[in-house]
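Colleague:
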Amino acid sequence: MSASIALPGFADPVGEAQATFRAVLDAMARPGRLQQAGERLAAPAPLDPATAATLLTLIDNETPLWLDHSAVPARDWLAFHCGAIIVDGPERATFALALSLPDLTTLSAGTHEAPESSATLILQIAALGSGTRYRLSGPGLREPTLLAAAGLSRQFTAAWQQNHALYPRGVDIVLCAGTTLTALPRSVSIEEA
Amino acid sequence: MPDALSPDQPHVARRRWMAVLARADAAELSDALGSNGSLPEYRVLRGPEAGLVMVRGRTGGGGAPFNLGEMTTTRCSVRTDSGFVGHAYIAGRNERLAELAALADAMLQDPASQSRLLTDVVEKLAAAQQVRRDATASKAAATRVQFFAMRNMRT
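As they're listed, the protein sequences go chains E and W. This note's numbering puts the first residue of the first sequence at 635, with every later residue one more than the last. This note's numbering puts the first residue of the second sequence at 30, with every later residue one more than the last.
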């Protein structure tokens, strides 16, 4: 057994997982609105509390998870607390964890018969609420809204337009930074503001 | 982490002590650990939490597997401040026992205390469990019925 499982998971597994699930649900329904998660969680390096809380809530032994190489130090913690099956190829994963924007086309975009089988990317970035401003519009937004996010690469808007064009197929993203998270479902269109 | 167990059979010794700890009585285990010097500082990684596991069986030991029924178990994992992670899965819902057993498992992986704990805690508990098992077995044996008539009819 590895010694790298240094930290516990949720102190109150049911309550905190439900609260985090609600936060992710609200984030998906209202793209770009910031939600709080993981305030009471001690996250393992290199993960932020919101990232760790989202993973604890969504991942189990039925959801193959892909890690980008910078997230690998958290591998044992995820395997222990989530029972996660960690896969080598991003195309086989239903969830992907990344600390920098991966190539979205390598992730599963689902099929026209089953668009819900696509992957969800949990992307940890430097900050939410400051940095580059993006204008979001689409379902869930009465009028276009602004999202400020620091640490997304310059290629993000181009990569997203490609992903958005696949609709109803495509990848959904949960952005996490610190104890804040927000979501970018595939239905939202994004341009730099 | 240093491997305290013999390199050829690393799991056999641990399997035995985990089995003994899981069958122990919480008060007995607490006494045995407490009389053996101070307990190390530790933090709980998971649990203690109760849940159900499906017990599966095979007809005659070799047939197709079938689900026998669900059983309540309690699990706990702890990490001592010296970096050893101990796990325990016990039958029933005795959370105190699960936590103590997990702590004892972690302490037993520490080469500094392993041999002392094996003799003072594990062997002591195993002996007590053997006495209880023998007492039950002898009580059961006293009421055993030999079906001589059946055997005679067959031959």
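Positions of the beta carbon are idealized from the N, C-alpha and C atoms, including for glycine.
What in chain E is Cβ-close to residue 108 of chain W, meaning under 9 angstroms?
Modeller: Reading the second sequence from its first residue, position 79 is the one you call residue 108 of chain W. Result: 637, 639, 640, 641, 642.
Colleague: With DSSP run on the structure shown, which of helix, strand or coil describes residue 702 of chain E?
Modeller: Walking along the first sequence from the start, residue 702 of chain E turns up at place 68. Note: residue 702 of chain E maps to coil in three-state DSSP.
Colleague: Please list the residues of the stretch 708-727 of chain E that have a C-beta atom closer than 8 angstroms to any C-beta atom in chain W, keeping them in chain order.
Modeller: 714, 715
Colleague: Would you kindly work out how many angstroms separate the C-alpha atoms of residue 639 of chain E and residue 170 of chain W, rounded to a whole number?
Modeller: One-based indexing of the first sequence puts residue 639 of chain E at position 5. One-based indexing of the second sequence puts residue 170 of chain W at position 141. Taking the straight line joining both Cα atoms gives about 48 angstroms.
Colleague: Roughly how many angstroms separate the alpha carbons of residue 49 of chain W and residue 131 of chain W, rounded to a whole number?
Modeller: Here residue 49 of chain W corresponds to residue number 20 of the second sequence, with the count starting at 1. Here residue 131 of chain W corresponds to residue number 102 of the second sequence, with the count starting at 1. Distance between the alpha carbons of residue 49 of chain W and residue 131 of chain W: 12 angstroms.
Colleague: Excluding five sequence neighbours on each side, which residues of the same chain lie with their C-beta closer than 7 angstroms to the C-beta of residue 740 of chain E?
Modeller: Stepping through the first sequence from its first residue, residue 740 of chain E is reached at position 106. For residue 740 of chain E, where only same-chain residues beyond five positions count, the Cβ hits under 7 angstroms are 724, 725.
Colleague: Any chance you could list the alpha helix (DSSP H) runs of at least 4 consecutive residues sitting entirely within the stretch 74-145 of chain W, in chain order?
Modeller: Runs of alpha helix (DSSP H) with 4 or more residues, each lying fully within the stretch 74-145 of chain W, are found at 124-137, listed in chain order.
Colleague: In this structure, does DSSP put residue 52 of chain W in helix, strand or coil?
Modeller: For the purposes of this step, residue 52 of chain W is identified with residue 23 of the second sequence, where counting begins at 1. The answer is helix: DSSP assigns residue 52 of chain W an H, G or I state.
Colleague: Since residue 74 of chain W meets chain E, which of its residues come closer than 9 angstroms, beta carbon to beta carbon?
Modeller: Counted from its first residue, the second sequence places residue 74 of chain W at position 45. Going along chain E in sequence order, the residues near residue 74 of chain W (Cβ under 9 angstroms) are 639, 640, 641, 642, 643, 714, 715.
Colleague: What are the residues of the stretch 73-100 of chain W that lie near chain E, defined by any Cβ-Cβ distance shorter than 8 angstroms?
Modeller: 73, 74, 75, 78
Colleague: Compute the distance between the beta-carbons of residue 805 of chain E and residue 753 of chain E, then report whether it is under 8 angstroms.
Modeller: Counting from 1 along the first sequence, the entry for residue 805 of chain E is found at position 171. Counting from 1 along the first sequence, the entry for residue 753 of chain E is found at position 119. Against a cut-off of 8 angstroms, the Cβ pair of residue 753 of chain E and residue 805 of chain E comes out as a contact.
Colleague: DSSP state of residue 742 of chain E, grouped into three classes?
Modeller: Counting from 1 along the first sequence, the entry for residue 742 of chain E is found at position 108. Residue 742 of chain E: coil per DSSP, three-state reduction.
Colleague: Out of E:672, E:652, E:798, which one is the CA nearest neighbour of residue 642 of chain E?
Modeller: Taking the first residue of the first sequence as position 1, residue 642 of chain E is located at position 8. Nearest option by C-alpha distance: E:672.
Colleague: Which residue comes first and which comes last in the alpha helix (DSSP H) that contains residue 649 of chain E?
Modeller: Position 15 of the first sequence, counted from the first residue, corresponds to residue 649 of chain E. Run containing residue 649 of chain E: 647-663, per the alpha helix (DSSP H) assignment.
Colleague: Considering residue 729 of chain E, what are the terminal residues of the beta strand (DSSP E) in which it resides?
Modeller: Counting from 1 along the first sequence, the entry for residue 729 of chain E is found at position 95. Looking at the DSSP string, the run of the beta strand (DSSP E) that includes residue 729 of chain E is 729-732.
Colleague: Any contact of the stretch 115-133 of chain W with the stretch 57-75 of chain W, i.e. 3+ C-beta pairs under 8 angstroms?
Modeller: yes
Colleague: So, with DSSP's three-state summary, where would you put residue 63 of chain W?
Modeller: Residue mapping note: residue 63 of chain W aligns to position 34 of the second sequence, counting from 1. In this structure, residue 63 of chain W counts as helix in the three-state DSSP scheme.
Colleague: Counting only Cβ-Cβ distances shorter than 8 angstroms, please list the residues of the stretch 107-128 of chain W near chain E, keeping chain order.
Modeller: 108, 112, 113, 114, 116
Colleague: What did DSSP end up calling residue 808 of chain E once you bin it into helix, strand or coil?
Modeller: Here residue 808 of chain E refers to the residue found at position 174 when the first sequence is read from its first residue. Strand at residue 808 of chain E.
Colleague: Go to residue 162 of chain W, then tell me how far its alpha helix (DSSP H) extends in each direction, as first and last residue.
Modeller: The residue you call residue 162 of chain W lines up with position 133 of the second sequence. Note, residue 162 of chain W: alpha helix (DSSP H), 152-171.
Colleague: Helix, strand or coil, according to DSSP, for residue 640 of chain E in the structure here?
Modeller: Indexing the first sequence from 1 puts residue 640 of chain E at position 6. The answer is coil: DSSP assigns residue 640 of chain E none of H, G, I, E or B.
Colleague: Please list the terminal residues of the continuous beta strand (DSSP E) segment that includes residue 758 of chain E.
Modeller: Indexing the first sequence from 1 puts residue 758 of chain E at position 124. Unbroken beta strand (DSSP E) run through residue 758 of chain E: 754-758.
Colleague: With distances taken between CB atoms, is the gap from residue 702 of chain E to residue 678 of chain E smaller than 8 angstroms?
Modeller: By 1-based counting over the first sequence, the position of residue 702 of chain E is 68. By 1-based counting over the first sequence, the position of residue 678 of chain E is 44. Taking 8 angstroms as the Cβ cut-off, residue 702 of chain E and residue 678 of chain E do not qualify as a contacting pair.
Colleague: Between residue 69 of chain W and the rest of its own chain, which residues show a CB-CB distance below 6 angstroms, the 5 nearest in sequence each way excluded?
Modeller: Numbered from 1 along the second sequence, position 40 holds the residue referred to as residue 69 of chain W. Once the five neighbours on either side are set aside, the close Cβ partners of residue 69 of chain W are 109.
Colleague: According to the neighbour-count rule (16 or more other Cβ atoms, all chains shown, within 10 Å of its Cβ), is residue 153 of chain W buried or exposed?
Modeller: As a working mapping, residue 153 of chain W is identified with position 124 in the second sequence. So residue 153 of chain W ends up on the buried side.
Colleague: Does the Cβ of residue 722 of chain E have 16 or more other Cβ atoms within 10 Å, making it buried, or fewer, making it exposed?
Modeller: As a position in the first sequence, residue 722 of chain E is number 88, starting the count at 1. The residue in question, residue 722 of chain E, is exposed, as its Cβ has fewer than 16 Cβ neighbours within 10 Å.
Colleague: So is residue 116 of chain W buried or exposed if we call it buried at 16+ other beta carbons inside 10 Å?
Modeller: Mapped onto the second sequence, residue 116 of chain W falls at position 87. The residue is buried, with at least 16 neighbouring Cβ atoms inside 10 Å.
Colleague: Do the CB positions of residue 71 of chain W and residue 41 of chain W come within less than 8 angstroms of each other?
Modeller: The residue given as residue 71 of chain W occupies position 42 in the second sequence. The residue given as residue 41 of chain W occupies position 12 in the second sequence. Cβ distance not < 8 angstroms, so residue 71 of chain W and residue 41 of chain W don't count as in contact.
Colleague: Mapping the DSSP letters down to three states, classify residue 41 of chain W as helix, strand or coil.
Modeller: Taking the second sequence and counting its residues from 1, one reaches residue 41 of chain W at position 12. DSSP places residue 41 of chain W in helix when its eight states are reduced to three.
Colleague: Strictly by DSSP, which residues pair up with residue 71 of chain W?
Modeller: Position 42 of the second sequence, counting from 1, holds the residue named residue 71 of chain W. Looking at the DSSP assignment, residue 71 of chain W forms a beta bridge with W:109.
Colleague: How about residue 632 of chain E and residue 770 of chain E: do their beta carbons lie closer than 8 angstroms?
Modeller: Residue numbering for chain E in the displayed model covers 635 to 827; residue 632 of chain E lies beyond these limits and cannot be assessed.
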